[in-house]
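Peer 1: Going by the working numbering, the first residue of the sequence shown is number 980, and it counts up by one from there. Ideal Cβ positions, reconstructed from N, Cα and C, are used throughout, including at glycine. Okay, handing you the structure first.
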Amino acid sequence: MMSFVRYLLCNRKVFCICKSQCANALISSHGSHRRLFSTTSSRMTVMPAWVIDQYGGNDVLRFTKNASFPVINYPNEVIVKVFAAGLNPLDVSMRGGYGAATLSMKRDPLNIKQSGNEFPLILGRDVSGVIMECGLDVKYFTERDEVWAAIPPWKQGSLAEFVVLSANEVSHKPKTLSHTEAAAIPYVAATAWSALVNTGGLTKDNCAKKRILILGGSGGVGTFAIQMVKAWGAHVTVTCSQNAERFVKGLGADHVVDYTAGPVEEPLSALEKFDLILDNVGGDTERWALNLLKPWSGAKYITLVTPFLQNTDMLGIADGMMQTAATMTTKAVKHLMKGVHYRWGFFAPSGPALDEIREMVDAGQIRAVVEETFSFSQVPEAFEKLEKGHARGKTVVQISKPGDEL
Ligand SMILES: NC(=O)c1ccc[n+]([C@@H]2O[C@H](COP(=O)([O-])OP(=O)(O)OC[C@H]3O[C@@H](n4cnc5c(N)ncnc54)[C@H](OP(=O)(O)O)[C@@H]3O)[C@@H](O)[C@H]2O)c1
């Protein structure tokens, strides 16, 4: 229902001047549109942020008070004042240059700019905060709305005081969560939603009694996925290390298998077969996991661990994409002949999906799992923590707090 309301509002083309009541108005132009947007101060051309100027280890993280203030370039964009930022394993990988080839192409499709133009790069894929400014076509949000979003990896991230996003990527934040809690959910939720709903075909109406296996259930994506499919009535089996067993059971897992106790495929193959497997682990799981699916029944294996970005980093965009397509097709066809579906899952930014997830959160069906909270000055420590692995939820950085001047 929320998605339908959003669709109507987003698709109504209404021309008006900016609704902002902030003090100073600047003139900007995009294509043939001329518009007004506002800042709180004439000095607001820069902002504090953690940036990287090259790829590498934790030492490349640099705090600056002079990062470029984000600008609305398209009429459907909003500027969000960041209260809390969530970190994901992807941030550590991106700090080291993972995905640089594909993400650079996405930022600069015509390859007009010099190489390295992504720097200074701001990491951080989750945001919870308030809308500071709306583009001309934005009807679904207004200034000071409390929002949350998952930020696509090709955009500047949330380890900064402000971030610019498309309104389609943003959603009103759950009322029952603080900003710190809310920042733990969007990126893993959008990834799980894309994999389970868009790729896996699950809905709240077809999940009841389905048997779902989540490989690697104790991390960010797994903890969200368990709660989501449990809320929809599925039977959920999870693999994780033994010390995470109580934790995942507390999130609703019906059956837990400890992968540290020996080859996990043995206890799993003794169980009734599954309708869907979500693989957060990768590696050699593909060798045995598809045998655990019910054949010839539409059952699906969806892995989030794909070679796509690695291929384009190593082989370049064209060859990397061809290699990826060939691998994907070969595996899909091979498994289709055995009566099961093999799929890759990818993060997809989606405000409408977050609208639905907000309803589940506010209904008490999904809770935020924050493992540790860091202050804005502790971002390097937060990365160190993430790098050590063994997550039991999300790492969140508090950037500023409600009540701070907009
Ligand atoms: N394709 C995409 O667009 C996309 C988007 C997001 C994430 N991902 C990928 O999805 C995966 C999960 O992401 P995440 O954010 O949830 O990572 P995470 O928070 O690091 O969680 C991974 C979990 O896997 C568990 N684990 C490790 N080895 C295992 C094994 N052999 N069997 C079972 N569990 C194992 C770990 O649990 P223990 O501590 O109990 O060992 C850890 O909690 C990552 O590989 C990530 O790169 C892909």
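#1: Taking DSSP as the reference, what is the three-state secondary structure of G1201?
#2: Rounded to whole angstroms, what's the CA-CA distance from S1017 to G1199? Just pull it up for me.
#3: Tell me the DSSP bridge mates of R1190?
#4: Does the Cβ of G1198 lie closer than 6 Å to at least one heavy atom of ligand 1?
#5: With a threshold of 6 Å, establish whether the CB of V1284 neighbours any heavy atom of ligand 1.
#6: If you draw a straight line from the C-alpha of K1364 to the C-alpha of H1314, how long is it?
#7: When the Cα of V932 is compared with those of A1174, T1155, I1101, which residue comes out closest?
#8: Of the residues G1241, L1271, E1338, W1267, which one's Cα is nearest the Cα of L1255?
#9: Using CA coordinates, which residue listed in V1106, V1227, D1298, D1258 is at the minimum distance from R1346?
#10: Enumerate, from N- to C-terminal direction, the unbroken beta strand (DSSP E) stretches of 3 or more residues contained entirely within the region 1327 to 1359.
#11: Residues in its own chain within less than 6 Å of A1128 by CB, not counting five upstream and five downstream?
#12: Flag T1306 as yes when its Cβ comes closer than 6 Å to any non-hydrogen atom of ligand 1, and as no otherwise.
#13: Have a look at A1305 and D1298 and give me their C-alpha separation to the nearest angstrom.
#14: Which residues bound the alpha helix (DSSP H) around A1169?
#15: With DSSP run on the structure shown, which of helix, strand or coil describes L1100?
#16: Grab me the residues of A1332's own chain with a C-beta within less than 7 Å of its C-beta, minus the 5 sequence neighbours each way, in chain order.
#17: Taking the CB atoms as reference points, tell me whether I1193 and V1176 lie closer together than 7 Å.
#18: At which residues does the alpha helix (DSSP H) containing F1226 begin and terminate?
#19: Just to confirm before moving on: does the CB-CB distance between G1231 and I1205 stay below 7 Å?
#20: Apart from the five residues on each side of it in sequence, which residues of its chain come closer than 7 Å, Cβ to Cβ, to T1352?
#21: By the three-class DSSP mapping on this structure, what secondary structure does H1320 have?
#22: According to DSSP, is Y1238 part of a helix, a strand, or is it coil?
#23: Report the rounded CA-to-CA distance for K1189 versus D1032, giving the unit in angstroms.
#24: Tell me whether H1369, by its Cβ, gets closer than 6 Å to a heavy atom of ligand 1.
#25: G1241: buried (16+ other C-beta within 10 angstroms of its C-beta) or exposed?
Peer 2: Quick answer:
#1: Three-state DSSP puts G1201 in a helix.
#2: Because the pLDDT at S1017 is just 41, under 50, the model does not fix this residue reliably, and the value given afterwards should be weighed accordingly. Between the C-alpha atoms of S1017 and G1199 there is a straight-line separation of about 37 Å.
#3: In DSSP, R1190 forms a bridge with H1214.
#4: With a threshold of 6 Å, the Cβ atom of G1198 counts as near ligand 1, since some heavy atom of the ligand is closer than that.
#5: Under cutoff, so the answer is yes.
#6: Note on geometry: alpha-carbon atoms of K1364 and H1314 lie some 38 Å from one another.
#7: Lying outside 980 to 1385, the shown extent of the chain, residue 932 is not represented and no answer is given.
#8: Comparing alpha carbon positions, the residue from G1241, L1271, E1338, W1267 closest to L1255 is L1271.
#9: Considering only alpha carbons, the answer is V1227.
#10: Within the region 1327 to 1359, the complete beta strand (DSSP E) segments at least 3 residues long are 1349 to 1354, listed from N- to C-terminus.
#11: Cβ-Cβ distances below 6 Å link A1128 to V1106, L1144, E1148, V1149, P1165 in the same chain, with the five nearest sequence neighbours on each side left out; the list follows chain order.
#12: Not so, every heavy atom of ligand 1 lies at least 6 Å from the Cβ.
#13: Between the alpha carbons of A1305 and D1298 lies a distance of about 10 Å.
#14: In the DSSP annotation of this structure, the continuous segment of the alpha helix (DSSP H) that includes A1169 starts and ends at 1165 to 1172.
#15: In this structure, L1100 counts as strand in the three-state DSSP scheme.
#16: Within its own chain, the residues whose Cβ lies closer than 7 Å to the Cβ of A1332, once the five positions on either side in sequence are excluded, are A1169, W1172, listed in chain order.
#17: Taking 7 Å as the cut-off, the Cβ atoms of I1193 and V1176 do not count as close.
#18: Per DSSP, the continuous alpha helix (DSSP H) segment holding F1226 begins and ends at 1224 to 1229.
#19: Taking a C-beta distance under 7 Å as the contact criterion, G1231 and I1205 qualify as a contact pair.
#20: Cβ neighbours of T1352 within its own chain (closer than 7 Å, five residues either side excluded): T1159, V1375, Q1377.
#21: Here H1320 sits in strand by DSSP.
#22: Per DSSP, reduced to three states, the secondary structure at Y1238 is helical.
#23: As the crow flies, the alpha-carbon of K1189 is around 47 Å from that of D1032.
#24: Indeed, a heavy atom of ligand 1 lies less than 6 Å from the Cβ.
#25: The residue is exposed, with fewer than 16 neighbouring Cβ atoms inside 10 Å.
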